[in-house]
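First up is the structure itself, then whatever we jot down about it.
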Amino acid sequence: MYDISLTTVEEVERKISRHLRKWLGLPPSFTRLGLYSRTARLQLPFTSVVEEFKVCKTRALMTLEGSRDENVSQTGVELRSGRKWSVAKAVQEAKSSFRHRDIVGVVAQGRLGLGAGKTDHQSWCTAGSRERRDMVQRETRRKEEEVRRAQAVSQGSQGAWTRWEGVKDRKVMRKELNRWEPLRLQFLLKSVYNLLPTPANKKMWGMQEEENCGLCGKRGSLSHILSGFPVALSQGRYRWRHDKVLRVLAAVLEEERTRNKQQVRKGPQFIRFLREGEARKGKKERGKDIGIFNTAKDWVLQVDLDKKLIFPEEVVTTSLRPEVILKSSQTKQVVLLELTVPWEERLEEAHERKALKYQELVQNCKDQGWKTQCFPVEVGTRGFIGQSVWKALGAVGVNGKKRRDATRRLTEEAGRSSRWIWIQSNERDWKGHD
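Residue numbering for the sequence shown follows UniProt numbering, starting at 1 and increasing by one per position.
Structure follows, in structure tokens:
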């Protein structure tokens, strides 16, 4: 690396960010965190120049210090990077962090038990020169992301995604950037970072005096337009979007049901462990026969679309109408799926509400001798799926690439439908489209 100061690199990044915003059709106020963050809910395929500069500097210093030639490793070469950031100090802090991590050991995370955390991390004491160099680079990237995350939390409007709970991150790939229509991509980015010209935003930007919705008189925020608009609710706009997403979900389930119709798992399957030094024979098993669909071959799929769905009377009599019912009479199994398309910040609330709604029905089915499972699933209005969707698809047997493709189809349909609702938000007469 040349002796370029961090200030110069930051100026280069500002110019790059300005051109990226222009290319994406975004306003100058769009936060740089939305362009470069690696832990944001919506991640773009761009990398911060400042981050790459720091990583290259730390890699260069670690390469010199880890050289086998003592004339190189013992010379104490100093790499200049300006006064705002010291590469030597950054490397020293990273080393101290790894030494401390070796002392602390494995830390339990989430709901895992003691000792069940990540044990595959490289120990600093036993790492070689190359491993240490890679570890320092990863630590440099992690610290840069921590700074970006802290800035996002401090941003009330554009950092609202930090308050989303139970939402799965979404990555936009380069091929999608090239394939999508520009207006579609702009709607996605502006809706996530609250930069759409809603009445509330227009008042905040000084473009108009009123922030109320022109059709109902309530505050015209994006949340109001996409999920709390009384006119849209009464005209069936939200129901139209809900059914569009439900059709995609039903198609995914029908494809998996048809594919697994002849593949029935007989009895439990066990993991075949290998002795020390023993080689695996044959191809690696990928768990193709794992899932609810593989436990029977007479599954019947019912979806609350086009005509009114009636709960199977042979199971139990009820007035509730789950939107998706999977039933196997031979094995006496019932699987219920209930779809909701809520505002992303209310995803967890919607999940708990639906689970409580069908709790009694599930218990009544079990009392009648039916093995029953209920999966409330959520797809956000802006195209972000809840963790419940990922879990439900895996439970029925949709795994691997099929599950990734299914979630992509769900997110794209939700985003496409919400964009049409946004376009029609000022129209009194509702016109849906295919």
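Here a beta-carbon is modelled for each residue, glycine too, at the ideal position from N, C-alpha and C. Since we're looking at a predicted model, the values are computed, not measured.
Which partner residues of residue i appear in the DSSP bridge assignment?
{"i": "Thr340", "result": "Glu378"}
{"i": "Ser328", "result": "Gln333"}
{"i": "Lys171", "result": "Gln43"}
{"i": "Asn212", "result": "Arg219"}
Considering only their Cβ atoms, is the gap separating residue j from residue i smaller than 8 Å?
{"i": "Leu195", "j": "Phe46", "result": "no"}
{"i": "Val91", "j": "Val136", "result": "yes"}
{"i": "His351", "j": "Gly166", "result": "yes"}
{"i": "Ser81", "j": "Leu6", "result": "yes"}
{"i": "Phe293", "j": "Val396", "result": "yes"}
{"i": "Trp161", "j": "Ala40", "result": "yes"}
{"i": "Glu146", "j": "Arg38", "result": "no"}
{"i": "Thr198", "j": "Gly214", "result": "no"}
{"i": "Leu339", "j": "Glu349", "result": "no"}
{"i": "Leu226", "j": "Ile421", "result": "yes"}
{"i": "Leu33", "j": "Ala152", "result": "yes"}
{"i": "Val49", "j": "Val87", "result": "no"}
{"i": "Leu410", "j": "Glu378", "result": "no"}
{"i": "Val316", "j": "Asn364", "result": "yes"}
{"i": "Gly380", "j": "Glu427", "result": "no"}
{"i": "Glu256", "j": "Val398", "result": "yes"}
{"i": "Leu79", "j": "Lys57", "result": "yes"}
{"i": "Gly415", "j": "Arg382", "result": "yes"}
{"i": "Arg170", "j": "Phe375", "result": "no"}
{"i": "Leu393", "j": "Arg408", "result": "no"}
{"i": "Lys332", "j": "Lys297", "result": "no"}
{"i": "Thr372", "j": "Val334", "result": "yes"}
State the start and end residues of the unbroken alpha helix (DSSP H) segment that holds residue i.
{"i": "Leu189", "result": "Pro182 to Val192"}
{"i": "Thr63", "result": "Val49 to Glu65"}
{"i": "Pro199", "result": "Pro199 to Met204"}
{"i": "His100", "result": "Val87 to Val104"}
{"i": "Ser73", "result": "Glu70 to Ser73"}
{"i": "Val316", "result": "Per DSSP, Val316 belongs to no alpha helix (DSSP H) and is neither H nor E."}
{"i": "Val77", "result": "Taken as a continuous stretch (DSSP letters only), Val77 belongs to no alpha helix (DSSP H), as it is neither H nor E."}
{"i": "Val231", "result": "Pro230 to Ser234"}
{"i": "Leu35", "result": "Leu33 to Tyr36"}
Could you tell me the boundaries of the beta strand (DSSP E) in which residue i lies?
{"i": "Gln302", "result": "Val300 to Val303"}
So what's residue i in DSSP terms, helix, strand or just coil?
{"i": "Leu222", "result": "helix"}
{"i": "Asn260", "result": "coil"}
{"i": "Thr126", "result": "coil"}
{"i": "Lys15", "result": "helix"}
{"i": "Ala296", "result": "coil"}
{"i": "Gln158", "result": "coil"}
{"i": "Gly287", "result": "In this prediction, Gly287 scores a pLDDT of 49, lower than 50, which makes its location untrustworthy; no coordinate-derived value is stated."}
{"i": "Leu195", "result": "coil"}
{"i": "Met207", "result": "coil"}
{"i": "Lys84", "result": "coil"}
{"i": "Val107", "result": "coil"}
{"i": "Trp164", "result": "coil"}
{"i": "Ser29", "result": "coil"}
{"i": "Arg280", "result": "coil"}
{"i": "Trp430", "result": "coil"}
{"i": "Ser425", "result": "coil"}
{"i": "Glu176", "result": "helix"}
{"i": "Leu274", "result": "coil"}
{"i": "Leu309", "result": "coil"}
{"i": "Lys227", "result": "For clarity, residue 227 is Ser in the given sequence; the question names Lys instead. Correct three-state label for Ser227: helix."}
{"i": "Asp3", "result": "coil"}
{"i": "Glu131", "result": "helix"}
{"i": "Glu323", "result": "coil"}
{"i": "Arg239", "result": "helix"}
For the stretch 354-416, list the alpha helix (DSSP H) runs that are entirely contained and at least 4 residues long, ordered along the chain.
-> 359-367 and 387-396
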